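Student:
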Amino acid sequence: DLYGMYTRMISLKTAALIRAAAVFGAMSANASHCINAMTDYGTYLGLAFQMLDDVLDIFGDVRKFGKEIGKDIKEHKLGNAVIVMALKDLDTKDREELLDVLGKSSVTNDDVKKAVEIISMTNARENALRMAMEFAEKSEKALASLNNNEYVEDLREILRFTVTREF
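Here the sequence shown is numbered in our numbering, starting from 254 and rising by one per residue.
(1) Excluding five sequence neighbours on each side, which residues of the same chain lie with their C-beta closer than 8 angstroms to the C-beta of residue 280?
(2) For the stretch 358-372 against the stretch 310-330, do three or more pairs of beta-carbon atoms, one drawn from each stretch, fall closer than 8 angstroms, so that the two count as touching?
(3) If you draw a straight line from the C-alpha of residue 315 to the C-alpha of residue 367, how long is it?
(4) Please state whether the Cβ-Cβ distance between residue 272 and residue 295 is less than 7 angstroms.
(5) Could you round the C-beta distance between residue 308 and residue 397 to whole angstroms and report it? I think they count as a contact, below 8 angstroms.
(6) Assuming residue 392 and residue 297 make a contact with CB atoms under 8 angstroms, what is their CB distance in whole Å?
(7) Once DSSP output is grouped into helix, strand and coil, what is the label at residue 414?
(8) Per DSSP, what kind of secondary structure is residue 322 in: helix, strand or coil?
(9) Exposed or buried, residue 415, counting other C-beta atoms within 10 Å across all chains shown (16 or more means buried)?
(10) In chain order, what residues of the same chain lie with their CB nearer than 7 angstroms to the CB of residue 408, ignoring the 5 residues before and after it?
(11) Within the same chain, show all residues whose beta-carbon is closer than 6 angstroms to that of residue 384, passing over the 5 residues directly before and after it, in chain order.
(12) On a Cα-Cα basis, can you pick out the residue from 299, 318, 340 that is closest to residue 413?
(13) Could you round the C-beta distance between residue 419 and residue 313 to whole angstroms and report it? I think they count as a contact, below 8 angstroms.
(14) For residue 283, count the other beta carbons within 10 Å of its own beta carbon; 16 or more makes it buried, fewer makes it exposed. Which is it?
(15) By how many angstroms is the C-alpha of residue 370 removed from the C-alpha of residue 265?
(16) DSSP three-state call for residue 388: helix, strand or coil?
What follows is the structure, given as structure tokens:
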């Protein structure tokens, strides 16, 4: 399914990058006993980060986000959690309308607005946010397996920042 392909894609991109940073951090600190926990922490943090980034791309505040809103729509990206979830929820007519916008060679701001309106008819935003929070909880659970210290608290703060950011 499309959602499975999406999560696999972000697992191999964003999550892999953050996982590598977390694991290399543990390795450089000679904390080999933490590798498994840091692997899970980094993977789930990366998944949560990317899902939230996808929500912000469609629904963010350009003044806070710092990037153009709807960029994934303009770039015809089916690899956005909100778009993937909306396509699953939409009826045939609205799905075709959204795919028409995504398939245009040149997507205008009005097209983006139309796509966002179509997406807003679904629970895609809420579902993506819920999934991001579930990934964040799994990341937190990985940290819970470690001895609590200032470094683990710093990792928790990174996780908290990631799931509450508006940019």
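C-beta: ideal position from N, C-alpha, C; glycine also. Just so we're clear, the structure is a prediction, and the values are computed from it rather than from any experiment.
Tutor: A quick look at the data gives this:
(1) As a first step, residue 280 must be located in the sequence shown, where it is residue number 27. For residue 280, the CB contacts under 8 angstroms within the same chain, skipping 5 residues up- and downstream, are 288 in chain order.
(2) Three or more Cβ pairs closer than 8 angstroms define a contact, and the stretch 358-372 meets that threshold against the stretch 310-330.
(3) For the purposes of this step, residue 315 is taken as residue 62 along the sequence shown, with counting starting at 1. For the purposes of this step, residue 367 is taken as residue 114 along the sequence shown, with counting starting at 1. Whole-angstrom Cα-Cα distance: 17 angstroms.
(4) One-based indexing of the sequence shown puts residue 272 at position 19. One-based indexing of the sequence shown puts residue 295 at position 42. Yes, the pair counts as a contact, with Cβ atoms nearer than the cut-off.
(5) Along the sequence shown, one-based indexing puts residue 308 at 55. Along the sequence shown, one-based indexing puts residue 397 at 144. Contact between residue 308 and residue 397 is ruled out by a C-beta separation of about 26 angstroms, above the 8 angstroms threshold.
(6) On the sequence shown, residue 392 is found 139 positions in, with the first residue counted as 1. On the sequence shown, residue 297 is found 44 positions in, with the first residue counted as 1. At roughly 4 angstroms, the Cβ-Cβ gap stays under 8 angstroms, so residue 392 and residue 297 are in contact.
(7) In the sequence shown, counting from the first residue as 1, residue 414 sits at position 161. Of the three classes helix, strand and coil, the one that applies to residue 414 here is helix, per DSSP.
(8) Within the sequence shown, the letter at position 69 stands for residue 322. Residue state, collapsed to three classes: coil.
(9) Sequence index remark: in the sequence shown, residue 415 carries index 162 (1-based). Note on residue 415: 16 or more other CB atoms within 10 angstroms of its CB, so buried under the neighbour-count rule.
(10) Locating residue 408 in the sequence shown gives position 155, where the first residue counts as 1. Sequence-distant partners of residue 408 (beyond 5 residues in either direction) whose C-beta falls short of 7 angstroms from its own C-beta, in its chain, are 294, 396.
(11) On the sequence shown, residue 384 is found 131 positions in, with the first residue counted as 1. For residue 384, where only same-chain residues beyond five positions count, the Cβ hits under 6 angstroms are 304.
(12) What you label residue 413 is simply residue 160 of the sequence shown in a count that begins at 1. Among 299, 318, 340, the Cα nearest to that of residue 413 belongs to 299.
(13) In the sequence shown, counting from the first residue as 1, residue 419 sits at position 166. In the sequence shown, counting from the first residue as 1, residue 313 sits at position 60. Right, the Cβ-Cβ distance comes to about 7 angstroms (below 8 angstroms), so this counts as a contact.
(14) Position 30 of the sequence shown, counted from the first residue, corresponds to residue 283. Its Cβ having fewer than 16 others within 10 Å, residue 283 is exposed.
(15) The residue given as residue 265 occupies position 12 in the sequence shown. The residue given as residue 370 occupies position 117 in the sequence shown. Taking the CA atoms as reference points, residue 265 sits about 30 angstroms from residue 370.
(16) Position 135 of the sequence shown, counted from the start, is the residue given in the question as residue 388. In the displayed model, residue 388 falls within a helix according to three-state DSSP.
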